[in-house]
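Note that full-length UniProt numbering has the sequence shown beginning at 1, numbered continuously upward. Glycine included, every Cβ here is placed at the ideal spot set by N, Cα and C. Okay, so here's the structure we're looking at.
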Amino acid sequence: MLDTPKANRLHIAIFGRRNAGKSSLINAITGQEIALVSDYAGTTTDPVYKAMELLPIGPVVIIDTAGIDDEGEVGELRVKKTKEVLDKTDLALLVFSAENTDLSMEKEWYSLLKERKIPTIGVVNKIDVKDLDVEELKKDFDLPFVKVSAKAKINIGKLKEAIQQYAPEDYERKTILGDVVKPKDLVVLVAPQDIQAPKGRLILPQVQVIRDILDNDALALTVKDSELIDILSVLNRKPDLVITDSQVFEKVNRMLDKDVPLTSFSILMARYKGELKILIEGAKAIDTLKDGDKVLIAEACTHHPLEGDIGREKLPNWLRQRTGADLDITVNAGVDFPEDLTQYKLIIHCGACMFNRKQMMTRIIRAREQNVPITNYGVAIAYMNGILDRVTGMLI
């Protein structure tokens with residue numbers, strides 16, 4: 001893995017009408033012919049994601065979207081996809097074409113961005129053709145504005161400066177566990193290599209946690225669960241922290257002395273990507289489930305389910321064993337997430353390593369607004385094993 005994962009990059013989304021010059025703007029910002037440009041309105045259909053380095057900001061994902069004024073049955077679907085991009089947007093560029101005087105559509109999207117509390121920069125494009133009075137725009141749009149010509153490369157440097165100035169600093173937590181471990185702490189990571197483990201590599205949360213340990217000058221030692229006892233027996237001191245795959249919580253918990261701190265990769269991701277206290281509270285809803293209750297198991301990525309899949313087999317089985325109830329369990333994988341969550345009595349989400357923090361927090365907020373408890377794989381498994389306080393106490 002040579003590149004920063006997309007989920008850890010600042011997500012900059014560009015919104016505007018068809019032919020406002022959104023794709024040309026991306027090409028101008030990046031200095032590359034990344035986006036397809038045409039005089040024909042509606043060249044960009046589905047959102048297009050481009051991971052890149054944008055100096056001096058660093059790793060970003062730039063998202064090119066379909067026109068907010070797209071029309072017709074297919075056009076409505078494109079606008080719906082564009083609205084879904086709001087869930088993962090850290091910083092928005094709302095593009096105004098100097099050729100356009102009807103701002104009703106821009107006002108609608110400005111309201112959406114404001115409602116979502118998404119930092120937004122107004123970009124007046126095509127000033128080489130016609131200018132717009134920014135002071136007039138500010139009467140309806142309380143935004144910082146930059147006037148540019150993407151085609152003529154006018155003021156692109158000023159736009160980059162504005163992106164740097166208004167990019168949120170808290171779009172992700174600064175560290176996964178740097179506030180938990182100290183330099184020279186010994187951290188043992190338990191990484192089962194079963195049928196679900198990808199061949200020839202570790203999974204993303206394991207890689208990220210190892211890197212974070214190293215960045216904080218602590219000592220990382222990785223073993224399989226089957227060798228944990230062996231490594232503990234040869235160490236000359238107890239580990240300062242053990243981090244395990246949540247699926248073997250019960251086994252690892254039995255192997256460790258009670259004074260050895262324990263947590264899981266999934267719980268660390270719950271804190272890194274979301275709000276751990278809310279997810280802990282959500283786990284308590286497990287014991288309120290009864291026959292016929294609907295439970296949504298949500299996964300951030302799509303993968304080919306194998307035998308013993310945690311979301312499709314293990315978690316449903318553990319839930320039914322714990323509650324003794326005949327539950328109606330739905331698994332939802334990928335970026336699709338129901339708008340209406342009120343039919344569910346509980347949502348159990350994966351660690352969301354493939355999401356940026358904004359996307360995961362959007363799901364948590366949506367669940368909270370609809371009074372639906374939401375928790376996380378690792379938190380739920382710890383709760384059902386009676387070790388929730390042990391594995392989260394050091395993190396909250």
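Buried or exposed by the 16-neighbour rule on C-beta atoms within 10 Å, applied to Lys-273: Position 273 of the sequence shown holds residue 273. Its Cβ being crowded by 16 or more others within 10 Å, Lys-273 is buried.
Local Cβ density within 10 Å of Ala-298, reported as buried at 16 or more and exposed below that: Along the sequence shown, one-based indexing puts residue 298 at 298. By the neighbour-count rule (16 or more Cβ atoms within 10 Å), Ala-298 is buried.
Rounded straight-line distance, which links the Cα of Glu-99 to that of Val-134: Sequence index remark: in the sequence shown, residue 134 carries index 134 (1-based). Sequence index remark: in the sequence shown, residue 99 carries index 99 (1-based). Going by the C-alpha atoms only, they are around 14 Å apart.
Where Leu-10 sits in the DSSP three-state scheme: On the sequence shown, residue 10 is found 10 positions in, with the first residue counted as 1. Strand, per DSSP.
Gly-311 to Val-123 span [Cα, whole Å]: In the sequence shown, counting from the first residue as 1, residue 311 sits at position 311. In the sequence shown, counting from the first residue as 1, residue 123 sits at position 123. The straight-line gap from Cα to Cα measures roughly 43 Å.
Inter-stretch contact (C-beta, 8 Å, three-pair minimum) for the stretch 353-361 and the stretch 4-16: yes
Run of the alpha helix (DSSP H) containing Val-79, from where it starts to where it stops: Within the sequence shown, residue 79 is the residue found at index 79, counting from 1. Per DSSP, Val-79 belongs to the alpha helix (DSSP H) from 72-85.
Sequence-distant residues of its chain with Cβ nearer than 6 Å to residue 401 (five each side left out): A query on residue 401 cannot be resolved here, the shown segment of the chain reaching from 1 to 396 and no further.
Segment limits, alpha helix (DSSP H) that includes residue 399: The chain is shown only over 1 to 396; residue 399 falls outside these bounds and no answer can be derived.
C-alpha gap between Ile-267 and Leu-276, whole angstroms: Against the sequence shown, residue 267 aligns to sequence position 267. Against the sequence shown, residue 276 aligns to sequence position 276. Rounded to whole angstroms, Ile-267 to Leu-276 spans 8 Å at the Cα level.
CA-to-CA distance, Ile-62 to Ile-26, given in whole angstroms: Taking the sequence shown and counting its residues from 1, one reaches residue 26 at position 26. Taking the sequence shown and counting its residues from 1, one reaches residue 62 at position 62. Rounded to the nearest angstrom, the gap between the Cα atoms of Ile-26 and Ile-62 is 8 Å.
Gly-378, buried or exposed, once every other Cβ within 10 Å from all chains shown has been counted against 16: If you number the sequence shown from 1, residue 378 lands on position 378. The residue is buried, with at least 16 neighbouring Cβ atoms inside 10 Å.
Asp-254 and Ile-286 closer than 8 Å at C-beta: Taking the sequence shown and counting its residues from 1, one reaches residue 254 at position 254. Taking the sequence shown and counting its residues from 1, one reaches residue 286 at position 286. For clarity, residue 254 is Arg in the given sequence; the question names Asp instead. No, they are not a contact pair.
Helix, strand or coil at Gly-308 [DSSP, three-state]: Taking the sequence shown and counting its residues from 1, the one referred to as residue 308 is at position 308. Three-state result, Gly-308: coil.
Beta-carbon proximity list for Leu-289, same chain, < 8 Å, skipping 5 on both sides: For the purposes of this step, residue 289 is taken as residue 289 along the sequence shown, with counting starting at 1. Excluding sequence neighbours, Leu-289 sits near Val-295, Leu-319, Thr-323, Ala-325, Leu-327, Lys-345 and Leu-346.
Span of the alpha helix (DSSP H) around Tyr-377: Reading the sequence shown from its first residue, position 377 is the one you call residue 377. Unbroken alpha helix (DSSP H) run through Tyr-377: 377-384.
Any chain B beta carbon closer than 8 Å to Asn-8: Among the chains of the structure shown, chain B does not appear; only one protein chain is present.
8 Å contact criterion, which Ile-127 and Lys-147 should meet: CB distance rounded: Residue 127 sits at position 127 when you count from the first residue of the sequence shown. Residue 147 sits at position 147 when you count from the first residue of the sequence shown. Right, the Cβ-Cβ distance comes to about 5 Å (below 8 Å), so this counts as a contact.
Simplified DSSP state of Ala-35, which is helix, strand or coil: Your numbering for residue 35 matches position 35 in the sequence shown. Note that Ala-35 scores 49 on pLDDT, short of 50, meaning its location in the model is unreliable; the coordinates nonetheless yield the value given after this. Taken through DSSP and simplified to helix, strand or coil, Ala-35 comes out as coil.
contact_flag[the stretch 142-159, the stretch 200-220] where n(CB pairs < 8 Å) is 3 or more: no
Leu-395 versus Leu-388: straight-line alpha-carbon distance, rounded: Counting from 1 along the sequence shown, the entry for residue 395 is found at position 395. Counting from 1 along the sequence shown, the entry for residue 388 is found at position 388. Approximately 11 Å, taken between the alpha carbons.
Proximity winner among Phe-96, Lys-158 and Gly-308, relative to Phe-141 (alpha-carbon distances): For this step, residue 141 is matched to residue 141 along the sequence shown. It is Phe-96 whose Cα lies nearest to the Cα of Phe-141.
CA-to-CA distance, Ala-218 to Lys-184, given in whole angstroms: In the sequence shown, residue 184 corresponds to position 184, counting from 1. In the sequence shown, residue 218 corresponds to position 218, counting from 1. Answer to the nearest angstrom: the Cα atoms are 4 Å apart.
Reduced DSSP secondary structure (H/G/I, E/B, other) of Leu-276: Within the sequence shown, numbered from 1, the residue matching residue 276 stands at position 276. The answer is helix: DSSP assigns Leu-276 an H, G or I state.
Outcome for Ala-35 when other beta-carbon atoms lying within 10 angstroms are tallied against a minimum of 16: By 1-based counting over the sequence shown, the position of residue 35 is 35. With a pLDDT of 49 at Ala-35, under the threshold of 50, the modelled position of this residue cannot be trusted, and the question is left open.
Beta-bridge partners of Ala-285, as assigned by DSSP: Position 285 of the sequence shown, counting from 1, holds the residue named residue 285. None; Ala-285 has no bridge partner.
From Phe-355, Met-52 and Val-372, residue whose alpha carbon lies closest to that of Pro-338: Position 338 of the sequence shown, counted from the first residue, corresponds to residue 338. Of Phe-355, Met-52 and Val-372, the residue nearest in Cα terms is Val-372.
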